[in-house]
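Take a look at the structure below.
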Amino acid sequence: MIRGEGIHKWFGSLHVLRGIDFDVHKGDVLVVVGPSGSGKSTLLRCINLLVPPDRGRILLDGVQVNSPKIRPEWVRQQIGMVFQQFNLFSHITALENVTLGLRKIRRVPPEAANRKGEQLLTRVGLGHKVDAYPAELSGGQQQRVAIARALAMDPKVVLFDEPTSALDPEFIKEVLDVMTQLAREGRTMVVVTHEMGFARNVANRILFLAEGTVLEEGTPEEIIRTPKHDRTRAFMDKILE
Amino acid sequence: MPEEDATPPALPRVEQVGEKIGAVAIVVGVLFGISYMLNESRPLDFAYMGERFPILLDAVQVSLFVTVIAYLCGMAIGFFMGWLRTSKRRALRGVASIWVEAIRGTPLFVQIFFLFYVIGYFAPRLDNRALLTGILALMLNTSGYQTEVFRGGLQSVAAGQVEAAKGIGLSYWRSMQHVIFPQALRLVVPPLTNEFIALLKSSSLLFFIGVQELTYRGRILSFGGNLLEVYTMVFAIYLMITVPLGKVVNLLERRYRIPGLGLQKETRVAPRRPVDRSSLTTRLLFGDAGARRRLRAFVRRARIVPDAPPGEPSA
Chain A
54 MIRGEGIHKW
64 FGSLHVLRGI
74 DFDVHKGDVL
84 VVVGPSGSGK
94 STLLRCINLL
104 VPPDRGRILL
114 DGVQVNSPKI
124 RPEWVRQQIG
134 MVFQQFNLFS
144 HITALENVTL
154 GLRKIRRVPP
164 EAANRKGEQL
174 LTRVGLGHKV
184 DAYPAELSGG
194 QQQRVAIARA
204 LAMDPKVVLF
214 DEPTSALDPE
224 FIKEVLDVMT
234 QLAREGRTMV
244 VVTHEMGFAR
254 NVANRILFLA
264 EGTVLEEGTP
274 EEIIRTPKHD
284 RTRAFMDKIL
294 E
Chain B
63 MPEEDATPPA
73 LPRVEQVGEK
83 IGAVAIVVGV
93 LFGISYMLNE
103 SRPLDFAYMG
113 ERFPILLDAV
123 QVSLFVTVIA
133 YLCGMAIGFF
143 MGWLRTSKRR
153 ALRGVASIWV
163 EAIRGTPLFV
173 QIFFLFYVIG
183 YFAPRLDNRA
193 LLTGILALML
203 NTSGYQTEVF
213 RGGLQSVAAG
223 QVEAAKGIGL
233 SYWRSMQHVI
243 FPQALRLVVP
253 PLTNEFIALL
263 KSSSLLFFIG
273 VQELTYRGRI
283 LSFGGNLLEV
293 YTMVFAIYLM
303 ITVPLGKVVN
313 LLERRYRIPG
323 LGLQKETRVA
333 PRRPVDRSSL
343 TTRLLFGDAG
353 ARRRLRAFVR
363 RARIVPDAPP
373 GEPSA
């Protein structure tokens with residue numbers, strides 16, 4: 054469904070991604086882990102072209118999307134993204150956040166958009182908060198609205214950039230529960246996270262990134278329990294203790 | 063001194079007390095001034111004031127007309143320039159900063175005269191030269207200040223908002239239209255209100271080039287000799303516009319407040335003891351027992367007074 058081939062990215066003279074390959078099939082959950090500064094977030098942003106890759110190809114359903122012939126907006130409409138800091142639009146309500154893309158891009162009539170928005174908010178457990186502004190919601194609630202917003206455009210794949218890292222501990226579970234539920238429903242997801250419990254239970258594959266390269270790739274069992282690489286083992290020991 | 067560490071009861075807000083005392087002082091001062099005028103000097107001629115007031119009300123319409131037109135045109139320019147100020151391109155940013163620096167770095171008074179003579183040079187036979195110059199000068203002047211207001215507003219929209227707008231697939235223009243501008247506009251309402259009030263006051267400078275606005279007409283009237291009456295009225299008319307305008311905008315802001323954006327909700331009851339920002343002097347004068355105690359402790363520590371006799375617990 055979504056594939057990366059030899060992705061390179063430089064920020065000035067800093068070589069952040071050094072030839073990354075990955076392949077996500079429909080219904081897969083790919084979890085990307087690795088020490089900070091290893092390029093996880095940049096990789097995620099390369100996938101939806103928020104950060105255009107300098108070399109390599111991103112293929113969505115076999116079509117190369119990082120190409121001058123393709124508008125990045127068109128790509129992003131098919132790829133949902135959930136940010137570490139939620140980034141809900143602060144001047145509109147939860148419902149309006151979810152329906153903005155439907156109303157302004159898809160030109161869905163307001164009633165239909167609202168119906169869908171309410172459904173999505175109910176699905177993330179926030180049916181009672183449709184009219185709340187982001188500042189009136191807790192971190193966990195904001196992040197769940199952000200997930201509903203990412204789902205509104207019926208994306209082919211949803212990217213999660215450390216969705217629980219900015220949350221107070223008591224809100225982490227509610228967000229992970231929603232994500233787990235999405236995975237069970239067969240949603241294609243790419244998740245950058247340090248939540249190894251989630252990775253173990255939900256991921257199909259784990260990508261271990263270090264210094265801009267894929268150090269190791271495998272099933273959760275392989276990467277978490279029996280890592281081949283010393284770096285991976287050291288990282289897992291540290292994070293699992 | 064054990065009571066020093068005990069949680070103090072909710073203090074009266076010393077700043078508020080100070081503010082009220084200030085307000086009372088001003089009112090008393092004004093009353094004194096008026097009574098002085100009424101008794102010691104010649105009383106204010108209220109009949110004269112009632113008779114000439116409509117003339118000044120006509121004149122203030124010119125002030126308002128010039129100000130509103132200049133303000134709105136200046137806003138269009140300021141909005142555009144403010145947006146350029148946030149551009150990624152250096153050249154565009156440069157153009158906008160030159161604009162701002164040139165306008166903010168020179169006195170409005172000089173700008174008015176400069177334009178007056180420039181326009182006179184190129185179009186000597188122009189009708190309404192003064193009025194046009196006036197509008198143009200105020201427009202250019204306010205555009206410089208509004209540029210900075212809009213730049214500030216745009217820059218205070220969090221970077222994450224832009225990223226999220228792009229992230230759901232909005233194009234550059236649509237994310238500006240639906241996310242960035244609506245948020246920025248909310249943040250610029252208070253400074254733009256200030257700018258309008260400032261501009262209205264600045265419009266009085268136009269009397270120097272002969273625009274028949276409030277100050278000009280007041281000055282003409284004052285040649286009749288009733289200086290005090292005339293300028294009291296002029297003074298009052300400016301206030302009648304500026305004070306309510308500020309209040310109304312503030313009211314609207316409260317009415318259409320969005321949680322988490324711009325104006326914050328007032329906390330009715332301070333949960334913790336408020337940070338007392340008033341100066342030590344104020345607090346001592348207005349009876350903050352804690353402050354007096356701390357001062358005594360400080361003085362004792364600094365050994366300005368002799369140590370407490372032995373046997374008594376020290377501070």
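Protein chains in written order, with the working numbering: chain A, 54 to 294; chain B, 63 to 377.
Beta carbons: idealized from backbone N, C-alpha and C, even for Gly.
Check                                                                                                               : Outcome
Partners in chain B for A/Pro-187, counting only beta-carbon separations shorter than 7 Å                           : Gly-322
Neighbouring residues, chain B, relative to A/His-144 (Cβ below 7 Å)                                                : Pro-244, Gln-245, Arg-248, Ile-320, Leu-323
Interfacial residues, the segment 190-207 of chain A to chain B, with Cβ spacing under 7 Å                          : Arg-202, Met-206
Where the segment 212-234 of chain B meets chain A: residues whose CB sits under 8 Å from a CB there                : Ala-220, Gly-222, Gln-223, Glu-225, Ala-226, Ala-227, Lys-228, Gly-229, Ile-230, Gly-231, Leu-232, Ser-233
CA nearest to the CA of A/Phe-75, picked from A/Arg-286, A/Glu-269, A/Met-289, A/Asp-230                            : A/Glu-269
Collapsed DSSP secondary structure at A/Val-183 in the structure displayed                                          : coil
Within the segment 122-196 of chain A, ranges of the alpha helix (DSSP H) (whole runs, at least 4 residues)         : 125-129, 147-157, 163-176
Backbone secondary structure at A/Val-118 - three-state DSSP                                                        : coil
Any 3 or more C-beta pairs closer than 8 Å across the segment 269-289 of chain A and the segment 100-113 of chain A : no
Under 8 Å from the C-beta of B/Arg-152: neighbouring residues of chain A                                            : None at all; the shortest Cβ gap to chain A is about 17 Å.
For B/Arg-319, the three-state DSSP class (helix, strand or coil)                                                   : coil
Closest Cα partner of B/Asp-107 within the set B/Glu-291, B/Gln-223, B/Val-90, B/Val-172                            : B/Glu-291
Residue-level contact to chain A via CB, B/Arg-355, 8 Å cutoff                                                      : no
CB contact below 8 Å: B/Val-379 versus chain A                                                                      : Residue 379 of chain B is absent from the structure shown; chain B starts at 63 and stops at 377.
Nearest-angstrom Cα separation, counted from A/Glu-149 out to A/Lys-169                                             : 11 Å
Span of the beta strand (DSSP E) around A/Ile-259                                                                   : 258-263
Contact set for A/Ile-158: own chain, Cβ-Cβ below 7 Å, skip 5 residues either direction                             : Gln-130
Rounded separation between B/Ala-226 and A/Arg-71 - CA only                                                         : 26 Å
Buried versus exposed, by CB contacts within 10 Å (16 or more), B/Ala-185                                           : exposed
Contact check, B/Val-18 vs B/Leu-93, beta carbons under 8 Å                                                         : Since the first residue shown for chain B is 63 and the last is 377, residue 18 of chain B is missing from the structure and cannot be characterised.
Nearest-angstrom beta carbon gap, A/Val-86 and A/His-282 [assumed within contact, 8 Å]                              : At roughly 12 Å, the Cβ-Cβ gap does not stay under 8 Å, so A/His-282 and A/Val-86 are not in contact.
Given B/Thr-195 as reference, the closest of B/Val-172, B/Ile-303, B/Arg-363, B/Asn-312 once Cα atoms are compared  : B/Val-172
Option nearest B/Ser-265 by Cα separation, candidates B/Thr-204, B/Met-302, B/Leu-323, B/Arg-363                    : B/Thr-204
For A/Leu-113, the three-state DSSP class (helix, strand or coil)                                                   : strand
Cβ shell of A/Gly-239 (< 6 Å), same chain only, five flanking positions each side left out                          : Gly-80
Neighbour flag for B/Arg-236 against chain A, beta carbons, 8 Å                                                     : yes
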